[in-house]
Amino acid sequence: MKVPFEKLDKAFENRLRLQIMSILVVNDRYDFNSLKELLDVTDGNLASHLKGLEKEEYIMVHKSFLGRKPNTNYEATTKGKQAFKLHLDALEQLIKQQKGK
Amino acid sequence: MEEKDIQNELSSIRSLMERSSKFISLSGLTGILAGVYALAGSAAAYFMLYGSSTGSEVNISLLVGIAVVVMLAALITALILTKSKAKKSGQPIWDRTSRTLLFQLATPLVIGGFFILILLSRGYYDIVAPVSLIFYGLALISASSFTYSDVRYLGIAEILAGLIAACLPTYGLLFWAIGFGVLHVIYGSVVYLKYGK
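Protein sequence lines, in the order shown, are assigned to chains A and B.
Okay, so the first sequence: first residue is 1 according to this note's numbering, each after it adds one.
Okay, so the second sequence: first residue is 1001 according to this note's numbering, each after it adds one.
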């Protein structure tokens, strides 16, 4: 029997990363401050996990200025959306398997 | 990973997807009260138009005044009730989703508002009621992706009421009362029963 644990994406092992991704798959773009507000996390924590997702090429970063304030927006890439979907499928399978036991 | 952990993970994902894209602090009570104001306004307009024995010419600016008062009362009620509901549910009232919702709502409303002013200035009074219903319906449909999806059905109903009203020119006030009064009360009651106060 294949163990679907392997199918779980390592990049989503951290809960916050999965949460960020779930926001970005339903919204075209989301800015840093709104993410922070919604997830209720610190700047540093959020920034480091966004960096991690960016490294995986799961998200794209758009930097711009609103007046003088920097405004950073994030967007999920096709690769990121695909990975998110596969990860959810794997979670679903895990549940099914555990119910079958 | 335990099954419970996975379930928790999935439900947190689902809730974030909804909270990040939908503003759900709108209350059904707002709809009911807005409908009641509109009905009262329609009644006032009716007595003004048909109640006076003098039968003198219609005072348009007074009719517009009634409409504006109804709209302001509805807006203020919506603001107060939404604020208190958002506070209870812990959702911020002024965040990304509420801004998006407001923008989607305002675009057709502002355009419709200017269009109505043009119609009034050119003397096309009997088409104003259907036009206001149609633009309001369009505004609701455009906003519906960012809040309860039930809003879409209200929008469709408003547009239908507007189109029928456009075919029946002398019944403008009646359809205005149906569209802004009766439909709001029905919608508000449905939302109230479905999602609670």
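Backbone N, C-alpha and C define an ideal beta-carbon position, used for all residues, glycine too.
Just so we're clear, the structure is a prediction, and the values are computed from it rather than from any experiment.
For Thr-1107(B), the secondary structure class from DSSP, reduced to helix, strand or coil, is helix. With its beta carbon at least 8 Å from every one in chain B, Glu-56(A) lies outside the interface. Assigned with DSSP and collapsed to three states, Asn-71(A) falls in strand. When DSSP assignments are scanned along the region 1051 to 1139 of chain B, no uninterrupted stretch of beta strand (DSSP E) that is 3 or more residues long falls wholly within it.
By a beta-carbon distance limit of 8 Å, Asn-71(A) does not contact Asp-9(A). Their separation comes to about 29 Å.
Residue environment: Ile-1118(B) is assigned as exposed (fewer than 16 neighbouring CB atoms within 10 Å of its CB, all protein chains considered). When the Cα atoms are used, Ile-1159(B) and Pro-1169(B) turn out to be separated by approximately 16 Å. The beta carbon of Leu-1140(B) sits closer than 8 Å to the beta carbons of Leu-1105, Val-1151, Arg-1152, Leu-1154, Gly-1155 and Glu-1158 from its chain, once the five residues preceding and following it are set aside; these are given in chain order.
Membership of Lys-63(A) in any alpha helix (DSSP H) is not indicated; the residue belongs instead to the beta strand (DSSP E) covering 59 to 66. DSSP places Val-26(A) inside the alpha helix (DSSP H), whose first and last residues are 15 to 26. Taking 8 Å as the threshold, the shortest C-beta distance from Tyr-74(A) to chain B does not fall below it.
If you draw a straight line from the Cα of Arg-68(A) to the Cα of Gly-1137(B), it is about 38 Å long. Counting along the chain, Leu-91(A) sits inside the alpha helix (DSSP H) bounded by residues 78 to 100. According to the DSSP assignment, Asp-1150(B) belongs to the alpha helix (DSSP H) that extends over 1150 to 1167. Thr-78(A) sits away from Met-60(A), with the two beta carbons spaced by 8 Å or more.
In the structure shown, Asp-31(A) adopts extended strand secondary structure according to DSSP, grouped into three states. For the region 20 to 36 of chain A, the beta-carbon criterion of a distance under 8 Å to any beta-carbon of chain B is satisfied by Ser-22, Ile-23, Val-25, Val-26, Asn-27, Tyr-30, Asp-31 and Ser-34. Around Leu-1101(B), no beta-carbon contact reaches into chain A at under 9 Å, the shortest distance being about 13 Å.
Within the region 75 to 97 of chain A, the residues whose Cβ lies closer than 7 Å to some Cβ of chain B are Leu-91, Leu-94 and Ile-95, listed in chain order.
The three-state secondary structure of Asp-1005(B), taken from DSSP, is helix. Against Asp-1095(B), the close residues of chain A are Ser-34, Glu-37 and Leu-38, in the order they occur along the chain (beta-carbon pairs closer than 9 Å). Pairing Leu-46(A) with Ile-1076(B), the inter-Cα distance amounts to about 37 Å. For the region 1065 to 1093 of chain B, the beta-carbon criterion of a distance under 9 Å to any beta-carbon of chain A is satisfied by Pro-1092. The alpha carbon of Ile-1164(B) has as its nearest neighbour, out of Ser-1132(B), Val-1190(B) and Arg-1096(B), the alpha carbon of Ser-1132(B).
In this structure the region 1062 to 1070 of chain B touches the region 1028 to 1047 of chain B; the number of beta carbon pairs closer than 8 Å is three or more. A residue is called buried once 16 or more other Cβ atoms fall within 10 Å of its Cβ, and Phe-1146(B) is buried on that count.
CA-to-CA, the gap between Lys-1022(B) and Gln-98(A) works out to about 33 Å. Three or more Cβ pairs closer than 8 Å define a contact, and the region 1005 to 1021 of chain B falls short of that threshold against the region 1032 to 1042 of chain B.
DSSP, read as helix, strand or coil, puts Val-41(A) in coil.
Our two residues, Ala-1078(B) and Leu-1193(B), have alpha carbons roughly 18 Å apart in a direct line.
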